[in-house]
Amino acid sequence: MPDPTPPGVFVSESSGGVRTITGAGTSVPAFLGYTKTSGDDAPDANPQPFTDAERAVPQKIGSWREFAARYSVQAIAKDLADATDPATVHSLQRCLPLAEAVYGFFANGGDICYVVGFTGPQDAVSPEALKGDTDARSGLAGLEAVPEVTMVAVPSLWDMTADVSAEKEVPAPDHAAGVSRMAEVLKHCTEQRNRLAILDPPPGLTPAQVAAFADTLASPETDDAAFTALYYPWITVPGVDAVERTVPPCGHLAGVWARTDAERGVFKAPANQNLRGALKIETILTDDEHGELNAKGVNCLRVFPDRGLLVWGARTRSTTRDWRYLNVRRLVSYLSDSIRQSSTWAVFEPNDERLWATLRHAVASFLTDQWRQGALVGRTPDEAFYVICDATNNTAETVDDGKVVCDIGVAPVRPAEFVHFTITQIADQSGTTT
Numbered sequence: 008m009p010d011p012t013p014p015g016v017f018v019s020e021s022s023g024g025v026r027t028i029t030g031a032g033t034s035v036p037a038f039l040g041y042t043k044t045s046g047d048d049a050p051d052a053n054p055q056p057f058t059d060a061e062r063a064v065p066q067k068i069g070s071w072r073e074f075a076a077r078y079s080v081q082a083i084a085k086d087l088a089d090a091t092d093p094a095t096v097h098s099l100q101r102c103l104p105l106a107e108a109v110y111g112f113f114a115n116g117g118d119i120c121y122v123v124g125f126t127g128p129q130d131a132v133s134p135e136a137l138k139g140d141t142d143a144r145s146g147l148a149g150l151e152a153v154p155e156v157t158m159v160a161v162p163s164l165w166d167m168t169a170d171v172s173a174e175k176e177v178p179a180p181d182h183a184a185g186v187s188r189m190a191e192v193l194k195h196c197t198e199q200r201n202r203l204a205i206l207d208p209p210p211g212l213t214p215a216q217v218a219a220f221a222d223t224l225a226s227p228e229t230d231d232a233a234f235t236a237l238y239y240p241w242i243t244v245p246g247v248d249a250v251e252r253t254v255p256p257c258g259h260l261a262g263v264w265a266r267t268d269a270e271r272g273v274f275k276a277p278a279n280q281n282l283r284g285a286l287k288i289e290t291i292l293t294d295d296e297h298g299e300l301n302a303k304g305v306n307c308l309r310v311f312p313d314r315g316l317l318v319w320g321a322r323t324r325s326t327t328r329d330w331r332y333l334n335v336r337r338l339v340s341y342l343s344d345s346i347r348q349s350s351t352w353a354v355f356e357p358n359d360e361r362l363w364a365t366l367r368h369a370v371a372s373f374l375t376d377q378w379r380q381g382a383l384v385g386r387t388p389d390e391a392f393y394v395i396c397d398a399t400n401n402t403a404e405t406v407d408d409g410k411v412v413c414d415i416g417v418a419p420v421r422p423a424e425f426v427h428f429t430i431t432q433i434a435d436q437s438g439t440t441t
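The numbering of the sequence shown is our numbering, which starts it at 8 and goes up by one.
Here you go:
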C-alpha cells in the first residue's frame with residue numbers, strides 16, 4: 008500500500024485464497040472429411056487457402072467465410088462446373104459434404120469448429136487412416152491435442168468406404184466398411200470422455216433398413232453407445248454452390264447442439280428445435296416408424312404442420328438408465344471437464360484438511376450454480392448433489408500415495424420425452440329448478 012502521506016482513502020488488493028471452477032466449453036465440433044486444393048485458387052487471396060499439409064491437421068475455423076476461403080470452396084465449385092470426366096466429377100463432389108456440414112453448423116448457431124481434411128477424395132480412407140497418427144497430428148489422433156472439442160462428425164464417412172469409379176454412377180457405400188470407420192470414431196470419443204460422436208446412417212435407407220443398421224453398431228449396453236448420437240434421415244440443402252444436394256445432417260445437428268447450449272444450457276436436450284438451412288428431408292416418417300427407431304436409439308428429423316422441420320429425438324444409443332439421454336451424457340462430461348480443468352491448481356499442494364476444504368467449497372459452489380440454472384434435480388442443493396472430500400475418503404494410505412479423493416454425485420435433469428395427458432369429458436350437471 009502506498010505511504011498515506013496526504014489524508015484520503017487508500018485501497019490495496021490481496022488474494023482471498025478462494026478457488027473457483029469455470030465451466031468448460033460444450034459447443035465445439037470437429038469435422039473430418041474430404042477436401043482438396045484447386046488450381047483456380049487466387050494467389051493474392053486473403054486469407055490464403057490451406058496447403059495439403061495444413062489441411063491434414065486440425066485447423067480452427069471461426070466462420071463460414073473463413074472456411075470457404077481456407078478450403079477453396081468457390082474454386083472447387085468452379086472446377087466441378089467445368090469437369091466432364093466422371094472420375095473427376097465424383098472426386099470433386101466428395102469435397103462438398105464437408106463444406107455443407109460446416110455451413111450447416113454456422114447456419115444453425117455454431118461459433119467455432121475444427122476441421123481435419125483428407126486430401127485424396129478419389130481414394131477410400133481406411134479405418135487406420137481415419138484413426139490417424141498422434142505424431143503427425145492427422146485424423147482422429149490429431150484431435151487428442153485439442154481438448155476443447157466436444158463433438159465429432161465425419162460427413163464424408165460413407166464416401167470414405169469406396170474408391171472413385173470411372174463409371175457415371177456414384178460408387179455405392181460399403182455398409183460393413185462404414186461401420187468399421189464408425190467404430191474408430193466411437194473409440195476416440197469413448198477414450199477422450201468429453202466428446203460425443205454425431206453419426207449418420209448410410210444414404211437412401213428406409214426406416215426398417217435404418218433399424219436393422221442400428222443393430223449392426225456397438226451393443227446399446229456398451230460404453231461406446233453412450234457416446235453415440237445417430238440421426239436419420241439425410242437432408243436436402245440448397246448447396247454451397249447453389250446446386251441442391253442430399254447430405255448427412257451431422258453438421259446441422261452440431262449447430263443445433265451449439266445453439267441449444269447458448270440459449271438454454273448443456274443440460275437442455277437438443278431437440279424440438281428447427282433445423283435451419285435444410286429444404287426437406289429424404290424420408291417422411293410416420294409415428295409408428297419413428298417409435299421403432301426411437302427405441303433403437305435413432306434420433307429422427309420430422310416435419311410437422313405449421314412448425315416445419317424439427318429435431319425430434321435426444322437419445323444416445325445406450326439403453327442404460329444413466330446414459331440414455333444426450334443431455335445427461337453431455338452434462339456429466341461438461342461437469343467432469345470443468346472440475347478437472349479448474350482443479351489443476353491443487354497438484355503439489357500440501358495434502359491436508361485445508362486442501363480438502365478448499366476443493367469441497369469450489370466444487371460445491373460450482374454445482375450449486377448448476378442447480379440454480381436448472382441442470383440438477385432437487386428442491387435444495389443437498390438433494391441435487393453431494394461432495395465428499397475429507398478424512399473419510401482421504402485415508403492415510405491415499406495421502407501417502409500422493410492422492411486426493413473427491414467423491415461427487417449429481418442428479419441430472421432428464422427430458423420430458425413422453426408427455427401424457429388424461430382428458431375426461433365432463434357431462435353437463437346443471438341443477439333443475441322447481
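We treat Cβ as the ideally placed atom computed from N, Cα and C, and that holds for glycine.
Which same chain residues, not among the five before or five after residue i, have their C-beta less than 6 Å away from its C-beta?
i: Trp71; result: Tyr110 and Phe113
i: Asp231; result: Leu193, Thr197 and Ala225
i: Pro256; result: Tyr238 and Ile242
i: Tyr393; result: Gly416
i: Phe428; result: none
i: Arg101; result: Tyr41, Pro128 and Asp166
i: Gly15; result: none
i: Gly449; result: This structure leaves residue 449 out entirely; the chain is present only between 8 and 441.
i: Asn400; result: Val412 and Asp414
With H, G and I counted as helix, E and B as strand and the rest as coil, what does DSSP make of residue i?
i: Ala131; result: coil
i: Cys257; result: helix
i: Lys287; result: strand
i: Phe38; result: strand
i: Leu203; result: strand
i: Val273; result: coil
i: Val171; result: coil
i: Ala236; result: strand
i: Tyr332; result: strand
i: Val244; result: strand
i: Phe74; result: helix
i: Arg367; result: helix
i: Val25; result: coil
i: Ala160; result: strand
Considering only residues of the same chain and omitting the five flanking positions on each side of residue i, which have a CB-CB separation below 7 Å?
i: Thr267; result: Lys275, Pro277 and Gln280
i: Phe311; result: Leu317
i: Asp397; result: Trp363
i: Pro227; result: Gly304, Arg324, Ser325 and Thr326
Taking the straight line between their C-alpha atoms, what separation do you get for residue i and residue j?
i: Leu103; j: Gly385; result: 47 Å
i: Lys67; j: Ile119; result: 7 Å
i: Thr441; j: Ile430; result: For Thr441, the predicted structure reports a pLDDT of 48, less than 50, and the residue's modelled location is therefore unreliable. The matter cannot be settled from this model.
i: Thr91; j: Thr229; result: 47 Å
i: Trp363; j: Asp329; result: 28 Å
i: Phe17; j: Thr351; result: 35 Å
i: Pro208; j: Leu105; result: 16 Å
i: Val417; j: Ala382; result: 10 Å
i: Thr375; j: Leu342; result: 12 Å
i: Asn201; j: His182; result: 28 Å
i: Gly116; j: Thr157; result: 16 Å
i: Glu270; j: Pro65; result: 28 Å
i: Ile288; j: Val25; result: 52 Å
i: Glu61; j: Tyr121; result: 12 Å
i: Ser34; j: Gly262; result: 8 Å
i: Gly258; j: Ile395; result: 40 Å
i: Leu282; j: Leu260; result: 8 Å
i: Arg188; j: Ala204; result: 12 Å
i: Gly304; j: Asp295; result: 15 Å
i: Ala391; j: Phe373; result: 12 Å
i: Ile453; j: Lys138; result: In the structure displayed, the chain extends from 8 to 441; residue 453 sits before or after that span and is not available.
i: Pro154; j: Thr29; result: 15 Å
i: Ala462; j: Arg314; result: What the structure shows of the chain is the stretch from 8 to 441, and residue 462 is not part of that stretch, so it cannot be assessed.
i: Phe74; j: Ala82; result: 13 Å
Closer than 8 Å by C-beta to residue i: which residues in its own chain qualify, once you throw out the five before and the five after it? Chain order, please.
i: Glu251; result: Thr243, Val244, Pro245 and Leu286
i: Asn301; result: Cys307, Gly320 and Arg322
i: Ile291; result: Val310
i: Gly298; result: none
Pull up the DSSP beta-bridge partners for residue i, would you.
i: Asp414; result: Ile395
i: Leu212; result: For Leu212, which the question treats as bridged, DSSP gives no partner whatsoever.
i: Trp319; result: Cys307
i: Ile68; result: Cys120
i: Asn281; result: Leu317
i: Leu374; result: DSSP output for Leu374 lists no bridge partner at all.
i: Pro180; result: Answer is none; Pro180 lacks a bridge partner.
i: Arg252; result: Val244
How do the segment 216-224 and the segment 310-322 stand: do at least 3 beta-carbon pairs fall below 8 Å, yes or no?
Because the criterion of three Cβ pairs below 8 Å is not met, the segment 216-224 and the segment 310-322 do not touch.
Measuring CB atoms only, is the segment 86-96 touching the segment 133-142, in the sense that at least three cross pairs come out at less than 8 Å?
Touching, no, given that fewer than three Cβ pairs across the two stretches are closer than 8 Å.
Quick test of the definition: if touching needs 3 or more C-beta pairs under 8 Å, does the segment 405-412 touch the segment 353-369?
Flag = yes, the segment 405-412 and the segment 353-369 touch.
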